[in-house]
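To keep things clear, I will list the structure first and then write my remarks on it.
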Amino acid sequence: MSEDDGSAPNDSPGSDGGDDSTLGLSRRTIVVGAAGIGLGSVLGVGYAVLGGSNDGDQQTRTVEPEEPNEDGTASLAELHYILENSGAENARLDVTEFVYQRDEAAVRVSYRTRADEVEDVPPQRQHVREVGQMVRMYAEYVAQSGDEADVVHAHIENPSEPAEQPDGYLVRREWVEKYNSGEWDGNETLNTVFGSSYTDEALENESASNSTTADPTNTSE
Numbered sequence: 001m002s003e004d005d006g007s008a009p010n011d012s013p014g015s016d017g018g019d020d021s022t023l024g025l026s027r028r029t030i031v032v033g034a035a036g037i038g039l040g041s042v043l044g045v046g047y048a049v050l051g052g053s054n055d056g057d058q059q060t061r062t063v064e065p066e067e068p069n070e071d072g073t074a075s076l077a078e079l080h081y082i083l084e085n086s087g088a089e090n091a092r093l094d095v096t097e098f099v100y101q102r103d104e105a106a107v108r109v110s111y112r113t114r115a116d117e118v119e120d121v122p123p124q125r126q127h128v129r130e131v132g133q134m135v136r137m138y139a140e141y142v143a144q145s146g147d148e149a150d151v152v153h154a155h156i157e158n159p160s161e162p163a164e165q166p167d168g169y170l171v172r173r174e175w176v177e178k179y180n181s182g183e184w185d186g187n188e189t190l191n192t193v194f195g196s197s198y199t200d201e202a203l204e205n206e207s208a209s210n211s212t213t214a215d216p217t218n219t220s221e
C-alpha cells in the first residue's frame with residue numbers, strides 16, 4: 001500500500017479548495033454534515049457486531065499499525081497507521097483500539113476525539129474532520145485492494161457534548177466505492193455516514209428489544 005499523500009481520492013468530488021480538505025469538503029458540506037448527524041437513524045442494519053467480546057474468540061484479532069510499503073495492496077495494519085499518521089494533521093485520529101472481526105468482515109476502531117481541545121474550529125467541525133479522516137482513509141484502503149474489511153464500526157470513546165457527537169457510526173465498503181468512483185461526492189458520502197450514527201444506549205435498548213421478541217418463553221398479560 002502506498003501511503004496517502006493527503007489528497008482525496010478522485011480529487012474532484014465536493015472540493016472547492018477550502019481549508020477543510022478531508023474528503024474534498026466545502027464549507028457548505030461541513031454545515032450540512034454537522035446538521036445531518038442522526039442518532040440511531042438506521043438501527044438494526046449491520047450493528048450486531050458492536051459490543052462483542054474478544055475473549056477466547058479466534059475470529060477476532062487486534063491489529064497493530066504498520067507503515068505502508070510500496071506493494072500496492074493495502075493491509076489492515078496499514079489502514080491503522082494512516083488513520084493516525086496520514087492526511088491533514090488536524091484530522092488525524094487518536095486510535096485506542098483496532099480489532100478485526102473476521103466472521104463479520106468488520107473492523108472495530110475506537111478513538112478519542114479532539115473536538116473539545118482544538119481552537120481553530122468549532123467542536124462540530126472538528127467532529128466532521130475526524131469522520132472525514134475515517135472515511136477517506138478507509139476509501140484509500142479499499143482503492144488499494146484492501147479486501148478484509150467490508151465495514152468499519154467506529155466508536156468514539158469520549159464523545160463531545162458541544163460537538164453533539166454520537167457514540168459511534170458505520171462506514172461501509174459500498175459507500176466508499178461509490179465515492180472512489182465519483183458516483184457520490186464528499187457531501188453525499190459523509191451524510192450517509194452521519195446517518196448511521198448511533199448511541200450506546202440506543203443499541204442496548206435495541207438489543208434488549210430483539211432479545212425479548214426472540215424469546216418464546218417471554219409472555220405478557
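Taking full-length UniProt numbering, the leading residue of the sequence shown gets 1, the next gets one more, and so forth.
C-beta atoms are modelled at their ideal positions from N, C-alpha and C, and glycine is treated no differently.
Would you check if the distance between the CB atom of residue i and the CB atom of residue j is smaller than 7 angstroms?
{"i": "A74", "j": "Q124", "result": "no"}
{"i": "Y138", "j": "V109", "result": "no"}
{"i": "E84", "j": "V95", "result": "yes"}
{"i": "A163", "j": "R129", "result": "no"}
{"i": "A154", "j": "G132", "result": "no"}
{"i": "A149", "j": "V107", "result": "yes"}
{"i": "P159", "j": "Y198", "result": "no"}
{"i": "V99", "j": "T60", "result": "yes"}
{"i": "V63", "j": "V135", "result": "no"}
{"i": "R112", "j": "E157", "result": "yes"}
{"i": "L190", "j": "Y141", "result": "no"}
{"i": "E67", "j": "Y81", "result": "yes"}
Starting from residue i, trace the beta strand (DSSP E) in both directions and tell me its first and last residue.
{"i": "G168", "result": "G168 to R172"}
{"i": "R108", "result": "A106 to R112"}
{"i": "A74", "result": "From DSSP, A74 is part of no beta strand (DSSP E); its letter is neither H nor E."}
{"i": "T60", "result": "T60 to T62"}
{"i": "V152", "result": "V151 to I156"}
Run through DSSP, which three-state label would residue i get?
{"i": "A91", "result": "helix"}
{"i": "residue 228", "result": "This structure leaves residue 228 out entirely; the chain is present only between 1 and 221."}
{"i": "E97", "result": "strand"}
Should residue i be labelled buried (16 or more other beta-carbon atoms within 10 Å of its own) or exposed?
{"i": "D147", "result": "exposed"}
{"i": "Q101", "result": "buried"}
{"i": "N69", "result": "exposed"}
{"i": "G182", "result": "exposed"}
{"i": "G72", "result": "exposed"}
{"i": "N205", "result": "exposed"}
In terms of residues, what are the limits of the alpha helix (DSSP H) holding residue i?
{"i": "A139", "result": "P123 to A143"}
{"i": "T192", "result": "G186 to F194"}
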